[in-house]
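Heads up: the sequence shown begins at 1 in the UniProt record's numbering, then just goes up one per residue.
Notes follow once the structure below has been shown.
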Amino acid sequence: MIRTDPHHHPKERTDMVFAGEGILISSMEVLPEEEADFNEWFDREHLAERVAIPGFLEARRYESVGTPTRYLQIYNTTSFDVLDGAPYKAALANQTEWSNHHISRFIAPTRVVGHLVHSAGVARGVAVALIRLRPSGDPAMMPALASVLSVLDQPGTASVHFVEADAGLSRPVTADSGYVGSEDCYVLIECTSEAAAGKIIARLGASVEKYGELIDARVFRYRMDIGA
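Shown next as structure tokens:
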């Protein structure tokens, strides 16, 4: 069932706001003339197909606050192995005609296959601050980024999630051998408003410097979600 209520979510483990241990994050821009059909495809076909794969728990969509519009998708799985398993690989190898049409036209796509290594907080938010980091040494996010947890004390913060990428799997489906960024890791900070998410990004600074290079940080607003 497709939901457009950002305050509703399926049952989750009591120790983490995000369910499961595996996480897939994708983002892209699209051509203006493709945008309407792109959203129809994602909303009506693609999310449901992915959540139907064994081990997928839910999928959520967002769109960037700034322009040009960038779209963000977050998929949670029971374990990381689901994202390297036969059912998911079969889905990637057998895309629909509609899927192939749009995937081949993505602009500046990213795709992260990762481990949800830490998640804290009490709720989901209607906006997300997405922080992309390139590790300068050990890619382990904890304890290097433990200070980021202090954002939970800031007004408007609902939860925070840390995603360590698998460099061997984290690349867009259409990427060539020269793709850069497969090792990048992510912090997702869920907020009660776009303004709160923007303030968090503005204050990050030194809290991420000890881990690596800040590649990108932007605010996304909730669009829809679908559960298994």
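All C-beta atoms, glycine included, are put in the ideal place defined by N, C-alpha and C.
Per the contact definition of three or more C-beta pairs closer than 8 angstroms, is the segment 171-190 in contact with the segment 114-131?
yes
Quick check: the Cα distance between L24 and S150, rounded to an integer number of angstroms?
25 angstroms
Give a yes or no on whether the C-beta atoms belonging to A165 and V113 are separated by under 8 angstroms.
yes
Strictly by DSSP, which residues pair up with H161?
S119 and L188
Assign N39 to one of three DSSP states: helix, strand, or coil.
helix
Could you say if the segment 136-143 and the segment 44-52 meet the contact criterion of at least three C-beta pairs nearer than 8 angstroms?
no
Between the C-alpha atoms of G66 and G156, what's the straight-line distance to the nearest angstrom?
20 angstroms
Need the endpoints of the alpha helix (DSSP H) that S99 sits in, please.
E97 to I103
Pull up the distance between the alpha-carbon of I215 and that of P135, whole angstroms please.
10 angstroms
Let me know the secondary structure DSSP gives I2 once reduced to three states.
Reliability fails at I2, whose pLDDT of 37 lies under 50, so the model's placement of it is uncertain and the value that follows must be treated cautiously. I2: strand per DSSP, three-state reduction.
Beta strand (DSSP E) runs wholly inside the segment 27-90, at least 3 long, in chain order
56-64 and 71-77
DSSP state of G198 mapped onto helix, strand, coil:
helix
With distance defined between alpha-carbon atoms, name the residue in Y222, Q154, T174 and V148 nearest to K210.
V148
Distance, R60 Cα to residue 275 Cα:
Residue 275 cannot be examined here, being either before or after the span of the chain that is shown, 1 to 228.
Closest Cα partner of E34 within the set L83, E21, V82 and H101
H101
Using only the alpha-carbon positions, how far apart do Y62 and T69 sit?
10 angstroms
Relative to the alpha-carbon of V30, which residue among N94, E97 and R105 has its alpha-carbon at the smallest distance?
R105
Could you check how far apart the C-beta atoms of V126 and T192 are, in whole angstroms? I think they sit under 8 angstroms.
6 angstroms
Exposure of A86, with buried meaning 16 or more beta-carbon neighbours within 10 Å
exposed
Secondary structure at D216, three-state DSSP: helix, strand or coil?
strand
Rounded C-alpha distance that separates R221 from L47
17 angstroms
Look at the alpha carbon of N76 and the alpha carbon of V160, and state the distance between them as a whole number of angstroms.
15 angstroms
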